[in-house]
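The structure under discussion appears below in the form of structure tokens.
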Amino acid sequence: MVYVQVGHLLPPVEDWSRLARLTARGTWIWLTDPVLREASAKGASVRSATGALTSVPPLWTVGGAFVAFGNGAADFGYRIALWVQQGSSGKAVTDNTVFLMTIGVIAWVQGLAGAWGLYRRQDVVLASLPTAIVLGTNATYTGDARAPFAIFLITLLLLAVTLNVASLQRRWHALNVAFPSGLLFDVTVSSLVVICALALLALMGPRLGENPVSNAFWEYMGEQWTDMENASNRFFSGVNNPQKNSGAGRDRLTLSGPVKLTQRIVMTIASAEPEYWRGASYDVWTGKEWITSDRSPVTRTDKQPVIAGRFTRREKITADITIQQSKSDLLYVPDEPTTLSVSYRMYAASPDAAVVDFSAIRARRPAIPSLRYQVDAFASRASAEELRAAPLDNPEWVKRYTQLPDVPQKVRDLALTLGRGRKTAYDRATTVEQFLRRYPYTLDIKAVPADRDAVEYFLFDSKQGYCDYFATSMVVLLRAQGVPARLATGYVTGTLDPTSGQYIITEEEAHSWPEVYFPNYGWIAFEPSGYRPAIVRPEVPVSGTYAETPDCYEYGYSTFGECGDNGDPSTLVGPITDDQSATFVPGSLDFAWSAAADVAGWVAWVITGVIGAIAVGIGAYRYGGDYLERRRPPREAVLHAYWQLTF
2 MVYVQVGHLL PPVEDWSRLA RLTARGTWIW LTDPVLREAS AKGASVRSAT
52 GALTSVPPLW TVGGAFVAFG NGAADFGYRI ALWVQQGSSG KAVTDNTVFL
102 MTIGVIAWVQ GLAGAWGLYR RQDVVLASLP TAIVLGTNAT YTGDARAPFA
152 IFLITLLLLA VTLNVASLQR RWHALNVAFP SGLLFDVTVS SLVVICALAL
202 LALMGPRLGE NPVSNAFWEY MGEQWTDMEN ASNRFFSGVN NPQKNSGAGR
252 DRLTLSGPVK LTQRIVMTIA SAEPEYWRGA SYDVWTGKEW ITSDRSPVTR
302 TDKQPVIAGR FTRREKITAD ITIQQSKSDL LYVPDEPTTL SVSYRMYAAS
352 PDAAVVDFSA IRARRPAIPS LRYQVDAFAS RASAEELRAA PLDNPEWVKR
402 YTQLPDVPQK VRDLALTLGR GRKTAYDRAT TVEQFLRRYP YTLDIKAVPA
452 DRDAVEYFLF DSKQGYCDYF ATSMVVLLRA QGVPARLATG YVTGTLDPTS
502 GQYIITEEEA HSWPEVYFPN YGWIAFEPSG YRPAIVRPEV PVSGTYAETP
552 DCYEYGYSTF GECGDNGDPS TLVGPITDDQ SATFVPGSLD FAWSAAADVA
602 GWVAWVITGV IGAIAVGIGA YRYGGDYLER RRPPREAVLH AYWQLTF
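In structure tokens form, the structure reads like this:
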């Protein structure tokens, strides 16, 4: 990659090819022509010495090559200076030139260290240390490098065995000690079988629950390390983070294929009211994935407010949250947080002090071994009547939440159909919400085809999915009607433990949902996923008076069902029944059985792999041994037989 970057600095290829031919031809003639060498040694004129050269490019071509090189170098230097300036000023840098050069230098150091340590020092540890550091870093931050790391360890141990045997052979040669010529092959095959079996068994073994060294590092150096990570993320913000932990607040959220969730405890929350615990929100939809444009961190202490309460019909709540072992530094907050008991960073569109909107709040260190904090917030208690009466003039900063790419016409037609006759943003939101709640909910789905829009594919083809698809579809359908909405990710309230009085939230509670902005009332959550209970709001602002969320189908097909080319929306998800919940795919939510089946299948494959590796190793050993035995010279055959009798 370094050569690719340097290549951009060099002049056009045709100029350098001429210069290369000139240099190579001149060097070759100088080395092979004795007359030219003699003329050069005697100080003959340049004209007579270069007379033997042919196809020499004109001087202006060579000069132009160096001019182009200078221009490229100047442009590259300007990009580096701009990269340093933007990153140092707290802005996110999207130019990946320096990142590519850094990766190239790391790869070069890996190759250099490997060659030097192996051939000059005969030290396997020294040769493999840079690669081990890179693989360990990838495994830490992506969680998806177990297989490459296992392959690396297998080949590393095999290399160590091979080098050790080769060293012994050199020593025996020096001491005139006889040994069989096939010793290296025998030891290599036997070691390969043992190493593969041990590696596969190690993958099957339980993981270390807590590492005291790691816990001590994060406890005493966590803030400094996180500061370095944040600076790195700012300088290399154009690089896509491949990490895919549920609810981890990544910069991107791609609508992908099947999802596997476990019952691992993520956090415990002591709160008087169950809430949606938001970790991150997204504002930019590309048709395939969500992206947050908030790349500017705003650092604040625990004594500084997050955002002063500025919306009406809000109730103050307090929650005590303990996040269990997690590599993420994301903080989960309810609705509109006002204060936090720990230092934190807000990620907003600009680093201005007066932040009115943010996408995520992060702590100064990851939750290793755990992270406990208290959050004060205002939760919305607005009624349906109040939300219907909300004004329509949105502030300027909300306009980015109406952004849409080139949405397929079928999706726009459906959005217009669902919004027909709905004059308020709340009625449009509840109509879309209830429409989507009739789609089947399942975690086992196929990935969206590469040439399809994710929302169109979900609404008109697959017609089933999980929360990411439901929430995304609702946001897109509302934005197509001019209603500001965003996608939020985090967790829903888990199971209340009657003993401790805390909510136990597991990985299964990972969720995404849409939030709609209402002037004077702020962001209001909706629940289009039929698997989750519907959010019930009072119809009028009177305590104790509640009404069910209005069902769009109750308005009658004569008004709602005029769908043009799309037909009746009810045909998209099947017949209407008295059941107001979603249609579920049988077995799609049986997490325990699914996890058990996956583990059983995985163990079976591992055992099969171990047996297969042993069988292949034994077969290769026997066949290779017989083959070498047949080709062994008579003298070596006698020595080998004697060695077998002796040992």
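Note that this note's numbering numbers the sequence shown so that position 635 is 636, with each residue one more than the last.
Glycine included, every Cβ here is placed at the ideal spot set by N, Cα and C.
Could you name the residues of the same chain whose beta carbon sits closer than 7 Å to that of residue i, not counting the 5 residues immediately before and after it, in chain order?
i	result
residue 336	276, 378, 379, 380 and 381
residue 456	412, 473, 474 and 477
residue 555	Residue placement at residue 555 is poorly supported in this model, since its pLDDT is 33, which falls under 50; the coordinates still yield a value, given next. Counting only Cβ-Cβ distances below 7 Å, and skipping sequence neighbours, we find nothing.
residue 459	466, 470 and 474
residue 79	none
residue 90	none
Let's test the definition: count the other Cβ atoms within 10 Å of the Cβ of residue i and tell me whether it reaches 16, buried, or not, exposed.
i	result
residue 84	buried
residue 286	buried
residue 475	buried
residue 284	buried
residue 565	The pLDDT assigned to residue 565 is 32, lower than 50, so where the model puts this residue is not dependable; a value taken from the coordinates is nonetheless given after this. Looking at its Cβ environment, which holds fewer than 16 other Cβ atoms inside 10 Å, residue 565 is exposed.
residue 470	buried
residue 293	buried
residue 547	Residue placement at residue 547 is poorly supported in this model, since its pLDDT is 33, which falls under 50; the coordinates are not used for a value here.
residue 420	buried
residue 503	buried
residue 522	buried
residue 518	buried
residue 394	exposed
residue 538	buried
residue 120	exposed
residue 509	buried
residue 423	buried
residue 532	buried
residue 338	buried
residue 500	exposed
residue 498	exposed
residue 168	exposed
residue 530	buried
Would a C-beta distance cut-off of 8 Å place residue i and residue j closer than the cut-off?
i	j	result
residue 193	residue 159	yes
residue 115	residue 124	no
residue 428	residue 373	no
residue 467	residue 267	no
residue 481	residue 515	no
residue 333	residue 278	yes
residue 361	residue 280	yes
residue 154	residue 170	no
residue 282	residue 151	no
residue 387	residue 527	no
residue 296	residue 330	no
residue 479	residue 430	yes
residue 256	residue 493	no
residue 343	residue 320	no
residue 182	residue 637	yes
residue 270	residue 81	no
Kindly list the residues whose CB is nearer than 6 Å to the CB of residue i, restricted to its own chain and excluding five residues on each side of it in sequence; keep chain order.
i	result
residue 368	324 and 327
residue 130	none
residue 409	454 and 457
residue 318	274, 378 and 380
residue 536	528
residue 157	129
residue 306	339 and 340
residue 376	320, 334, 338 and 341
Counting along the chain, where does the beta strand (DSSP E) carrying residue i start and finish?
i	result
residue 301	297-301
residue 322	315-324
residue 386	Run containing residue 386: none in the beta strand (DSSP E); it sits in the alpha helix (DSSP H), 385-389.
residue 434	No beta strand (DSSP E) contains residue 434, which is instead part of the alpha helix (DSSP H) from 426-437.
residue 525	523-526
residue 100	First-last for residue 100: 98-116, but that is the alpha helix (DSSP H), not the beta strand (DSSP E).
For the alpha helix (DSSP H) that residue i lies in, which residues bound it at each end?
i	result
residue 261	Unbroken run through residue 261: none, as it is neither H nor E.
residue 363	Looking at the DSSP string, residue 363 is not in any alpha helix (DSSP H); the run it does join, the beta strand (DSSP E), is 361-364.
residue 254	Taken as a continuous stretch (DSSP letters only), residue 254 belongs to no alpha helix (DSSP H), being part of the beta strand (DSSP E) at 253-255.
residue 458	455-458
residue 413	410-420
Report all residues from its chain with a CB closer than 8 Å to the CB of residue i; omit the five preceding and five following residues, and keep chain order.
i	result
residue 107	131 and 135
Any beta carbon from chain D within less than 8 Å of residue i's own beta carbon?
i	result
residue 271	Checking the listed chains, one finds no chain D in this structure; it contains a single protein chain.
Validate contact between the segment 425-442 and the segment 400-411 using beta carbons, cut 8 Å, 3 pairs:
no
Using 8 Å as the cut-off, can you tell me whether the segment 288-300 makes contact with the segment 340-353, which would need three or more C-beta pairs spanning the two stretches below that distance?
yes
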